[in-house]
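A.B. asks: First residue of the sequence shown: 5, per my numbering; consecutive thereafter.
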Amino acid sequence: MARAARAKINASAMTLGIYIQVPFCQTKCTYCNFHTGVVSAEKYAPYAAAVQTEISHHRKFYADAGISSPKFENEVVDTVYFGGGTPSLLDPSHLHGILEAIRDSFACEWKEVTLEADPETITSEKAAAWAAAGINRVSFGVQSFNDLELKSSGRMHRREDVYRAAPILRAAGIRNLSFDLIVGLPHQTPQSWRNSLEELIALRPEHVSIYMLEVDEGSRLGRELISLGTKYSAPAVPSDDQMADSYNLARQLLSSAGYEHYEISNWAQPGHASRHNLKYWRREPYLGFGAGAHSFHGATRWANAHDSAQYVAAIQSSKLPAEQIEAVSTQQAHEEEMFLGLRQLAGINLDGFDPSYAARLNEKLLSLESAGLVERQGSIVRLAPEKLSISNEVFVELLG
Ligand code: SF4
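1. Roughly how many whole angstroms lie between the Cα atoms of Ala135 and Glu104?
2. Could you tell me whether the Cβ atoms of Arg386 and Ala337 are closer together than 8 Å?
3. Alpha carbon to alpha carbon, how far is Pro242 from Ala317?
4. Checking 8 Å against the spacing of the C-beta atoms, do Phe76 and Phe28 come in under that value?
5. Measure the Cβ-Cβ separation of Asn180 and Asn150 and say whether it is below 8 Å.
6. Is the separation between the beta-carbon of Thr118 and that of Arg141 shorter than 8 Å?
7. For the structure I just gave you, are there three or more beta carbon pairs, one from the segment 386 to 404 and one from the segment 338 to 349, closer than 8 Å?
8. What's the C-alpha gap between Leu346 and Ile352?
9. Considering Cα atoms alone, identify which of Ala54, Cys36, Ile139 is closest to Trp114.
10. Applying the 10 Å Cβ sphere with the 16-neighbour rule, what's the burial state of Arg407?
11. Classify Ile106 as helix, strand or coil using the three-state DSSP reduction.
12. For the ligand SF4, is there any heavy atom lying closer than 7 Å to the beta carbon of Phe183?
13. For Asp311, which residues of its own chain have a beta-carbon under 7 Å away from its beta-carbon, when the five flanking residues on both sides are left out?
14. Could you tell me whether the Cβ atoms of Pro123 and Asp165 are closer together than 8 Å?
15. Quick one: what's got a C-beta closer than 8 Å to Met160's C-beta in the same chain, skipping five residues either side?
16. May I ask you to check if the CB of Thr40 is nearer than 7 Å to at least one heavy atom of the ligand SF4?
17. How big is the Cα-Cα spacing for Ser273 and Gln320?
18. What residues in its chain sit with their C-beta under 8 Å from that of Arg255, if we drop five residues either side in the sequence?
19. If you check the beta carbons only, do Gln147 and Ser157 fall under 8 Å apart?
20. Specify, as a first and last residue, the run of the beta strand (DSSP E) that Thr118 falls within.
21. Under 8 Å between the Cβ atoms of Thr19 and Val80?
22. Between Ser213, Leu93, Ile268, which lies nearest to Gly41 when the distance is taken from Cα to Cα?
23. Assign Ser44 to buried or exposed, taking buried as 16 or more other Cβ atoms, counted over all protein chains shown, within 10 Å of its Cβ.
24. How long is the line joining the alpha carbons of Leu377 and Ile230, rounded to whole angstroms?
25. What residues in its chain sit with their C-beta under 6 Å from that of Tyr361, if we drop five residues either side in the sequence?
26. What do you reckon, is the C-beta of Gly226 under 7 Å from a heavy atom of the ligand SF4?
27. Going by C-alpha distance, which of Met247, Glu202, Ala240 is nearest Leu217?
28. Between the C-alpha atoms of Tyr35 and Leu225, what's the straight-line distance to the nearest angstrom?
29. Please go through the same chain and pick out, in chain order, the residues whose beta-carbon is closer than 6 Å to the beta-carbon of Glu228, but skip the five residues on each side of it.
30. Classify Ile384 as buried or exposed, calling it buried when 16 or more other Cβ atoms lie within 10 Å of its own Cβ.
31. Would the C-beta of Lys47 count as close to the ligand SF4, meaning under 7 Å from any of its heavy atoms?
32. Exposed or buried, what is Asp245 when buried is set at 16 or more other beta-carbons lying within 10 Å of its beta-carbon?
33. Mapping DSSP to helix, strand and coil, what is Asn396?
34. Considering only DSSP beta bridges, list what Ala326 is partnered with.
35. Can we count Lys155 as close to the ligand SF4, meaning its CB is less than 7 Å from some heavy atom?
36. Tell whether a beta-carbon distance below 8 Å holds between Leu324 and Phe65.
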């Protein structure tokens, strides 16, 4: 079955994205609210082997777990995304093995194969091996070009690591780079933020993601901000107003530098929007493999158990540790379409919704429009660009 899949590509095929979750990190950043852990490097090989097994036997796993078996014969995998966590910690042979398992199990025409990487983990040898395995895009967790901000957030890398790593990747033939920055790290000032943006722009990554610091119980810094502690530099976190100004400065400088703002947190040079992430926002099908990975296909969503040891043990005993298998109702599908559509700067087309949902949405949109939070052009509705930093208010209102 497997080898035949390499050759069989139907001309009218739909595309499919594949996400691989690697939930391991070298240390835990203070602001991180992801399900990731610091484990011994000995755990990496069994984990990679379990992911390969899950990919190779996905049909049987889905059938046994009661996931209404999607038919993949007419789907071609065009994007693969290794996220985490820090997937660049895995040995390149593990990444290669996982990519081979995908090639063997699905029809593939890869356009974009992304690896999330931390700058300090990059060497010439690794970069060459990644390129040889088919990885053609690297997403860097830069977060800041200011060493005080990096250090106080518990990051392992420093500013100079970014300058060291980017040329190594380009020399290895990986020409599509994405850099992440975070608005709101402790000790960030308007000037240090401007410097980070200017340094990023000077390096000309093809893609940029800018995230706002999330304050919740899921991270050490978030808990400290809520409890007014001091150990993780919570008192040095910028105010909400400063963060909104920082986000708006990013919009302005990136736009002047020729980047297209295509999603609330994402900018790209023309032609470099993330093909894989667009699938999430467009509700196109994707399969996730690994601990905590989410999948969406047609009208079903499901996710694997977060705990990596539990995941490996389950796969080794031929059981998919799927925890949340959910049939997406029509109402949920509309809400997702509205929410994910509005995250994109192109907005949503009300004519694309069923009339009764569009009428209800329309009523809520009227007050948001008069408050200047959304804009309308015929049936197209989008968030007002200058109010994007408070987009959560719009979503709370629309989903309420
Ligand atoms: S590297 Fe990323 S996933 Fe890992 S702890 Fe830091 S923020 Fe979390």
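Just so you know, even glycine gets a beta-carbon here, dropped at the ideal spot from N, CA and C.
These numbers come from a predicted model, not from an experiment.
C.D. replies: So, from the data block:
1. 14 Å
2. no
3. 43 Å
4. no
5. Against a cut-off of 8 Å, the Cβ pair of Asn150 and Asn180 comes out as no contact.
6. yes
7. yes
8. 6 Å
9. Ile139
10. For residue 407 there is no data in the structure shown, the boundaries of the chain being 5 and 404.
11. helix
12. no
13. Scanning its chain for C-beta atoms nearer than 7 Å, with the 5 sequence neighbours on each side dropped, one finds around Asp311 the residues Ala295, in chain order.
14. yes
15. Gln30, Thr31, Asp122, Glu124
16. In this structure, the C-beta of Thr40 approaches the ligand SF4 to less than 7 Å from one of its heavy atoms.
17. One detail in the question is off: residue 273 reads as Gln in this sequence, not Ser. Gln273 and Gln320: Cα-Cα distance of roughly 43 Å.
18. His265, Pro389, Leu392
19. yes
20. 111 to 121
21. Thr19 is a Cβ neighbour of Val80, given a cutoff of 8 Å.
22. Leu93
23. exposed
24. 28 Å
25. His338
26. no
27. Met247
28. 5 Å
29. Tyr236, Ala238
30. exposed
31. no
32. exposed
33. helix
34. Paired residue(s): Asn308.
35. Answer for Lys155: no, Cβ out of range of the ligand SF4.
36. yes
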